[in-house]
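Take the sequence shown: its letter number 114 is residue 114 in the UniProt record's numbering, and every next letter is one higher.
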Amino acid sequence: MRTRLGLLVIHNDPVPEMEIWRSVGPDTSVHTARFWTPRPFGTEFTGLDVEELLSGTGMDVAVRQLGDLDVHALGYCFASSSVFGGTAFDTAFGAHVERLSGGVPTVTAGQAIREELARNRADGIAVVAPPWFSDGTLEAIRSYLPVRVRQTIRYELPAEWDGIERPDLFDRGARFAVDQDELERQILRRLEPGIDTLLVPGGGFASLTAAERLRRSRRLNVISSNSALLRAMERRAASVARAAPVP
């Protein structure tokens, strides 16, 4: 059986599907439905009620579209909702989406990250953050994670981006300005001794190429929002396949 995975992605984020498509096997297809970003331009996202998120952004339509495609698992590619809403948001969101989609197993990026950290039993952890994450967002991430963060490395953009408020950088195009060579250099230049795991919590922060290099060259364990979400969806899809009746 060919596995079909469904992604819920904000309207202007090209990264999650790009990285997940590159990472899936030949018998898996990835299908994306989009919703409007819940962060109006010029504001900082600090959480949103599940009901408002589903109805106010068009996500309810996106969920039904993926449900009609008969995907085997759904993934929500916006970890900030979990970071600010906590595990209560993850539980409520999953229940709402599974109901709307006709019972498709659903996992948020936040849940996926927590699961991956538990599976890896990581200890020496550094968070590698995109430049558009504010100090408040980084603090919320540390509070949400089930492990202690020993270091935070925020990717630095070239000087021409100076003067733009951090939350606005993504919409201004910084999502296209992350250079994988430079990302690798910045991590290696700033990495503290004893760090063996890098956590990239932003789905819109491209890191796949740099992560592959760091795994090979430094044997670092790199967990990104997108890689964790893919594995979590695959586990749920596999559970659906095992539970399906034999024809």
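Glycine residues also receive a C-beta, built at the ideal position from the N, C-alpha and C atoms.
Nothing here was measured: the structure is a model prediction, and the numbers come from that model.
With three or more CB-CB distances shorter than 8 Å, the region 100 to 112 counts as touching the region 69 to 89. DSSP places Asn221 in the uninterrupted beta strand (DSSP E) bounded by Asn221 to Ser224. Non-local C-beta neighbours of Leu188 in its own chain, meaning closer than 6 Å and more than five positions away in sequence, are absent.
The beta carbons of Thr152 and Ala126 sit about 7 Å from each other, so the pair counts as a contact at 8 Å.
Bounds of the alpha helix (DSSP H) holding His96 are Ala79 to Leu100. Burial is judged here by how many other beta carbons sit within 10 angstroms of a residue's own beta carbon; Gly203 has at least 16 and is buried. For Ser29, the three-state secondary structure derived from DSSP is strand.
In terms of CA proximity to Leu66, Arg4 leads the group Ile223, Gly173 and Arg4. Listed in chain order, the non-local C-beta contacts of Ala92 below 7 Å within the same chain comprise Val50, local neighbours out to five positions each way being set aside.
Non-local C-beta neighbours of Pro158 in its own chain, meaning closer than 8 Å and more than five positions away in sequence, comprise Ala177, ordered along the chain.
Taken atom to atom, the span from the alpha-carbon of Ile141 to that of Thr28 is near 31 Å. Within 10 angstroms of the beta-carbon of Ser81 lie 16 or more other beta-carbons, which makes it buried.
Val222 places its beta carbon 8 Å or farther from that of Arg231. Annotation: Ser23 to Asp168 spans about 29 Å, alpha carbon to alpha carbon.
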